[in-house]
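In the order they appear, the protein sequences are chains F and X.
If you're matching positions, the first sequence starts at 267 in my numbering and goes up one per residue.
If you're matching positions, the second sequence starts at 5 in my numbering and goes up one per residue.
Cβ coordinates follow ideal geometry from the N, Cα and C atoms, glycine included.
First the structure, in the form of structure tokens, and then the observations on it.
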Amino acid sequence: DSGVTQTPKHLITATGQRVTLRCSPRSGDLSVYWYQQSLDQGLQFLIHYYNGEERAKGNILERFSAQQFPDLHSELNLSSLELGDSALYFCASSVGGTLGNTEAFFGQGTRLTVV
Amino acid sequence: GQQLNQSPQSMFIQEGEDVSMNCTSSSIFNTWLWYKQDPGEGPVLLIALYKAGELTSNGRLTAQFGITRKDSFLNISASIPSDVGIYFCAGHQGNYGGSQGNLIFGKGTKLSVKP
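Right, here's the structure in full:
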């Protein structure tokens, strides 16, 4: 158990809908990263938050947004869903802040299926 | 965006064999991480490297942070069936400890057992 909790584990929704994925980082971790993993693909970096502030953006679509709350949990919002958005979505957390604290620990992921 | 070139893409192993994989980039990284992912699970951190030239072991696994800071390799000695899975390298370019910057992943090396 990595200590990172993602909910829900599975989500099935229709095209055009909006969903929210939730991530609770490990206790004490300030950094949260979101990744998308399609079938047989690598991990595509979406966005990074540190202590409530957005710090880096990857290939995140405009239909997707994220935020990190004061209690450090994070949510990834996916809207106007398309079939191609079906994927595993992972969040990872790390302590951050000082050198040597970039070890990121992953949650079990949310499997999103858009039908 | 930045890319990590991971090779080989896949390989077959026979129990007892040593395995080698590597990751290269045209950019400099401050941190290299190696992960293993089993089907349907989140990636699990194996080894973290923070200094150029650093050589770190974790049981039968050994990884090195290249002197140029643009590459890293992972070796697995005396492979066993449970080594099967997908191995990912990841690099972080951000400032101290990942309070900013992204953590990007290679496309993975898939390890399978020789039939």
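Residue i to residue j span [Cα, whole Å]
i                      : j                      : result
residue 329 of chain F : residue 376 of chain F : 18 Å
residue 326 of chain F : residue 34 of chain X  : 24 Å
residue 285 of chain F : residue 274 of chain F : 10 Å
residue 292 of chain F : residue 269 of chain F : 5 Å
residue 112 of chain X : residue 320 of chain F : 27 Å
residue 17 of chain X  : residue 333 of chain F : 42 Å
residue 67 of chain X  : residue 370 of chain F : 17 Å
residue 82 of chain X  : residue 279 of chain F : 45 Å
residue 27 of chain X  : residue 75 of chain X  : 5 Å
residue 356 of chain F : residue 22 of chain X  : 31 Å
residue 42 of chain X  : residue 302 of chain F : 16 Å
residue 296 of chain F : residue 340 of chain F : 11 Å
residue 92 of chain X  : residue 32 of chain X  : 18 Å
residue 379 of chain F : residue 287 of chain F : 13 Å
residue 323 of chain F : residue 7 of chain X   : 15 Å
residue 9 of chain X   : residue 110 of chain X : 6 Å
residue 120 of chain X : residue 309 of chain F : Residue 120 of chain X falls outside the range modelled here, since chain X spans only 5 to 119, and no answer is possible.
residue 78 of chain X  : residue 272 of chain F : 29 Å
residue 336 of chain F : residue 57 of chain X  : 38 Å
Buried or exposed by the 16-neighbour rule on C-beta atoms within 10 Å, applied to residue i
i                      : result
residue 298 of chain F : buried
residue 343 of chain F : exposed
residue 40 of chain X  : buried
residue 361 of chain F : buried
residue 59 of chain X  : exposed
residue 51 of chain X  : buried
residue 368 of chain F : buried
residue 95 of chain X  : buried
residue 267 of chain F : exposed
residue 53 of chain X  : buried
Beta-ladder partner(s) of residue i, from DSSP
i                      : result
residue 320 of chain F : F:315
residue 371 of chain F : F:359
residue 333 of chain F : F:341
residue 277 of chain F : F:378
residue 298 of chain F : F:315 and F:359
residue 287 of chain F : F:342
For residue i, three-class secondary structure by DSSP
i                      : result
residue 107 of chain X : strand
residue 8 of chain X   : coil
residue 349 of chain F : helix
residue 377 of chain F : strand
residue 392 of chain F : Since the first residue of chain F shown is 267 and the last is 381, residue 392 of chain F is not available in this structure.
residue 354 of chain F : strand
residue 114 of chain X : strand
residue 97 of chain X  : coil
residue 382 of chain F : Beyond the ends of chain F as shown, which are 267 and 381, falls residue 382 of chain F; an answer cannot be given.
residue 292 of chain F : coil
residue 13 of chain X  : coil
Which complete beta strand (DSSP E) runs does the region 54-92 of chain X hold, if anything under 3 residues is left out?
59-62, 65-69 and 75-80
Please list the segments of the beta strand (DSSP E) lying wholly inside the region 15-50 of chain X, counting only runs of 3 or more residues, in order along the chain.
23-28 and 35-41
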